[in-house]
Every structure is written in structure tokens, then in C-alpha cells.
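S.K.:
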Amino acid sequence: RFGEPPLAGLQGYDHGGDAVPGAQRVRTLYWSVESATSLSYKVFVHLIGPDGRPAVQGDDFPLGGERPTTSWQPGETLKDSYAIHLPTDMPPGDYPLRIGFYDPVTGARLSPVLDADGAPQPDDQIQLDVIHIDNR
19 RFGEPPLAGL QGYDHGGDAV PGAQRVRTLY WSVESATSLS YKVFVHLIGP
69 DGRPAVQGDD FPLGGERPTT SWQPGETLKD SYAIHLPTDM PPGDYPLRIG
119 FYDPVTGARL SPVLDADGAP QPDDQIQLDV IHIDNR
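If you use the working numbering, the sequence shown corresponds to residues 19 to 154, in order.
1. For L96, which residues of its own chain have a beta-carbon under 6 Å away from its beta-carbon, when the five flanking residues on both sides are left out?
2. Determine the closest residue to P114 out of S99, L132, Q143 and F20, with distance taken between C-alpha atoms.
3. Under the three-state reduction of DSSP, which class applies to P130: helix, strand or coil?
4. Would you call V51 buried or exposed, if buried means 16 or more other Cβ atoms sit within 10 Å of its Cβ?
5. Across which residues does DSSP place L65 in a beta bridge pair?
6. Suppose you measure from the CA of D107 to the CA of S89; what does that come to, to the nearest Å?
7. Under a Cβ-count criterion, where at least 16 other Cβ atoms within 10 Å of its own Cβ denotes burial, should P122 be classed as buried or exposed?
8. What do you get for G15, buried or exposed, if any count of 16 or more other CB atoms within 10 angstroms of its CB means buried?
9. Within this structure, are the beta carbons of D36 and D152 separated by less than 8 Å?
10. Does the contact criterion of 3 or more C-beta pairs under 8 Å hold for the region 22–31 versus the region 70–77?
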């Protein structure tokens, strides 16, 4: 769940599989809207590198800008896709995939972010999975 009161819960996502450098992977997120908001948040989708910083990111407004969070209505379920473009020189390895919301004006992340058990998540983000990059 993202925010207090919660703006939305992540109901699930489609895993796009592992990848090779130069490839594009799409992650589709399924949001369950829990409350209305007057802020237009962006969603961040980050692959985290070995240094703990985003190695690749795919930030955008929900549904490619077609459904800003200011238009979300409680009870809706939204299917929201994000393309992750991997650089051709991306080193092989395992990259955690993390998501969250932020205010594009201030850069502040929507918080708190709670996992399915209600535990607060560090840095107001959720780790979806780990993408393995192979140079074969």
C-alpha cells in the first residue's frame, strides 16, 4: 500500500522475464485504487545497480499520462505498463526492480509504503523482483 491514507495497493504485476543488454522489458502493474488525491504522482520503476543506485529507470505518469493519479477513483483497478530499456553496455548481473510513487514537483516520495503484512518499506519503495541480465 502506498501512502496514508493509502492512495493505492499493488495487486500484482506481470514479470517480463530476464533480459540481455540492449533489450526492452515491460512490467505491467495492477493498482487497486483506495482513495482520491489532489496530487499528480509519477511512478518510478528502477533497476538497482551494484552501487545501490538506479542503473536504469522508467519513470512516467500512470498509463502513459492518460490517467494521472488525480483522476483515480476508489474501487478502480488499473493496468499500468512501464518499458525498461536496457543499455547495450549494461554489465551482466542481478538487478533488483523497485517501484514507488513521487511528486514530480518536489521529488518527495509517497509514504509510507507498506508491504502485504503492513511492514514499512525502506526508502518508500517496493522491490518487485530481480531481473537477471545475461550478455549471451
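Note that CB positions come from ideal geometry on N, CA and C, so glycine has one too.
M.R.: Quick look at the numbers:
1. Translated into the one-based positions of the sequence shown, residue 96 becomes position 78. Closer than 6 Å at the Cβ level, and outside the excluded window around L96, lie W49.
2. Residue numbering aside, residue 114 sits at position 96 when the sequence shown is read from its first letter. P114 has its Cα closest to that of Q143, out of S99, L132, Q143 and F20.
3. The residue labelled residue 130 in the question sits at position 112 within the sequence shown. DSSP places P130 outside both helix and strand once states are collapsed to three, so it counts as coil.
4. Position 33 of the sequence shown, counted from the start, is the residue given in the question as residue 51. Buried is the call here.
5. In the sequence shown, the residue the question calls residue 65 occupies position 47. Beta-bridge pairing links L65 to V74 and L115.
6. For this step, residue 107 is matched to residue 89 along the sequence shown. For this step, residue 89 is matched to residue 71 along the sequence shown. About 39 Å.
7. Position 104 of the sequence shown, counted from the start, is the residue given in the question as residue 122. So P122 counts as exposed.
8. As displayed, the chain neither begins before 19 nor continues past 154, which places residue 15 out of reach and without an answer.
9. By one-based count along the sequence shown, residue 36 stands at place 18. By one-based count along the sequence shown, residue 152 stands at place 134. It is a contact, given that the beta carbons lie within the stated cut-off.
10. no
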